[in-house]
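Heads up: the structure comes next, in C-alpha cells.
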Amino acid sequence: MTKAFLNAVLATSIAALAQAMPGGAQAADSSKTVQIIVPYSAGGTTDRIARIVANGLTQELGETYVVVNKPGAGGTLGTAEVARAKPDGYTLGVVFDSQAVNQYMFKSLSYDTFKSFSYVTLVVSAPHVLVTGKSYPSLPALLQAAKAKPGTVSFGSTGQGTSNHLYPLLLGNLASVELLPVPYQGGGGSFLPDLLSGRYDMASGTLGYFLPYIKDGRLRAIATGGVKRSPLLPNVPTVAETYPGFEASSWVGLIAPAGLPKETADRLRNALRHALGTPALKEQLLAEGYDIEVSSSDAFVARVRNESERLGALIKDKKLGEQ
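If you use mature numbering (1 follows the signal peptide of the UniProt record, and there is no 0), the sequence shown corresponds to residues -27 to -1, 1 to 296, in order.
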C-alpha cells in the first residue's frame, strides 16, 4: 500500500466517525475553546449559572467551555456579539429574562430578538418573591396602604426595564394601585442595604437572592410569584391566589447565533440535561430556589415570546425605555 492510499483511508475513516457522533460536524474538538458570552459582570446570577453550564458542558463533551463577561447597555453589548458570531458552536451566550424586553427598552438594537439567535435551551428559572423590611405583614396590607395614599408605597429595582422593576408595576396595574419605583443603576449598588434599612418599602426579586435574609428575619416574605407555592416558603401565599394569572419569575437560558445546526443544539441540550441532572447539583440548585428547566428550542422561544408580548405591552403603557 502507498502512503497516499493509507492517508486517504485514514481521512475517510475520520470523516465517517465525525458524522456518526451526536454533534455531526460539531463533534468534540479538544483543541478548540468554546466561549460562553455573559452580557453582565462577573458575580451575578447569570454569571454564576453560566459557569455551572460551562463546567457541565466541559465535563460532558470533552471540549473546553469558558465564560467571557462582556457587560454593558443592559446586556445588549455582549448579546450583540453572540449575534455577530459564526453559528459553528464555538460561540454561545447565556441570557437573562431581560432578553425578552430589551427591544422595547432600547431604540435601536443591532440584532433582532428572535431572528438573530438560535434559542438552544432554558437552563433554570426562579420564582420572584415580594419582600418588605417588616413594614407590612401581608400583601393585602401593603396594597391597602398604596390605595389609601397613592404613590407613597415604594419599591426598589436594579434599573428600568429589569424584572424587579416591571413585575411590581404589573402588580400595581392588576391591583389598581400606584407603586413608586426607586431605581438603582449599575447593578444595584446600595439596593439591598437600603431595603434592609427601610429606605423603601418593598422589592421583588428571585427567591434565592432574598432567601438568606428571609431566613434570618431581616426581611419578610409577603408573596411569591410562582404559579404555585414554593416548597422553600410553603406558608407564603402566591400573588396569583389574590390576582389569578399573575406570574413573576426570572430565567437563564443558553443561546447561539442564528443558524446553529440542529444536531449541535441537540448535543448541547442533551449534555446539559445530563450535567444538571446529577443529584448533588440538582439538590444544590433546588435548595437555592432554582427550578431546572432544560427545554426544547421551541419551548424556550415560546417563553421569550410570551414574556416579550406581556411585558412589552406594560413598557409601552408606562412609556419606559428610550423614547
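In this text, a Cβ means the ideal position worked out from N, Cα and C, and glycines have one as well.
Remember, predicted model here, so these are calculated numbers, not experimental data.
Sequence-distant residues of its chain with Cβ nearer than 8 Å to residue i (five each side left out)
i: Gly47; result: Ser71, Asn75, Met78, Phe79, Gly132, Gly134
i: Tyr63; result: Lys5, Thr6, Val7, Gln8
i: Glu295; result: Met78, Phe79, Lys80
i: Ala272; result: Leu95
i: Lys289; result: Tyr77
Residue range of the unbroken beta strand (DSSP E) whose run includes residue i
i: Tyr84; result: Here Tyr84 belongs to no beta strand (DSSP E), and DSSP marks it neither H nor E.
i: Thr237; result: From DSSP, Thr237 is part of no beta strand (DSSP E) but of the alpha helix (DSSP H) over 235 to 249.
i: Tyr92; result: 90 to 105
i: Gly232; result: Unbroken run through Gly232: none, as it is neither H nor E.
i: Ser170; result: Unbroken run through Ser170 is the alpha helix (DSSP H), 164 to 170; no beta strand (DSSP E).
i: Leu65; result: 64 to 69
Neighbour-count burial assignment, residue i, 16 or more Cβ in a 10 Å radius
i: Glu54; result: buried
i: residue 297; result: Outside the modelled stretch of the chain, which goes from -27 to 296, sits residue 297, for which no answer is possible.
i: Asn279; result: exposed
i: Thr251; result: exposed
i: Ser270; result: buried
i: Glu266; result: buried
i: Thr171; result: At residue 171 the sequence reads Gly, which differs from the Thr that was named. The residue is exposed, with fewer than 16 neighbouring Cβ atoms inside 10 Å.
i: Ser268; result: buried
i: Gly199; result: buried
i: Ser83; result: exposed
Neighbourhood of residue i by C-beta, 7 Å cutoff - its chain only, sequence neighbours within 5 removed
i: Thr179; result: Thr18, Ala99, His101, Ser223, Gly262
i: Pro60; result: Ser91, Ala229, Pro230, Ala231, Gly232, Leu233
i: Gly129; result: Val155, Tyr157, Phe164, Asp167, Leu168, Tyr173, Ala176
Residue i - DSSP class collapsed to helix/strand/coil
i: Gln117; result: helix
i: Val74; result: coil
i: Gln32; result: helix
i: Ser136; result: helix
i: Gly285; result: helix
i: Leu(-18); result: With a pLDDT of 36 at Leu(-18), under the threshold of 50, the modelled position of this residue cannot be trusted; read the value that follows with caution. Here Leu(-18) sits in helix by DSSP.
i: Ser130; result: strand
i: Tyr38; result: strand
i: Thr215; result: coil
i: Gly45; result: coil
i: Glu295; result: coil
i: Asp264; result: strand
i: Arg193; result: strand
i: Val11; result: strand
Residues of its chain near residue i, where Cβ-Cβ distance is below 6 Å and the 5 sequence neighbours each way are ignored
i: Ser281; result: Ala73
i: Asp264; result: Ser98
i: Tyr186; result: Leu192
i: Gly51; result: Ile10, Pro12, Lys43
Endpoints, alpha helix (DSSP H) assigned at residue i
i: Gly51; result: 49 to 57
i: Pro156; result: Premise fails: Pro156 lies in the beta strand (DSSP E), 153 to 156, not in any alpha helix (DSSP H).
i: Ala260; result: 252 to 260
i: Gly181; result: 180 to 188
Checklist entry - So, do the stretch 23 to 33 and the stretch 55 to 62 have three or more beta carbon pairs nearer to each other than 8 Å? => result no
Item to check | Three CB pairs or more closer than 8 Å across the stretch 253 to 268 and the stretch 108 to 122 | outcome: no
Checklist entry - Three or more C-beta pairs closer than 8 Å, one from the stretch 137 to 146 and one from the stretch 236 to 254: is that the case here? => result no
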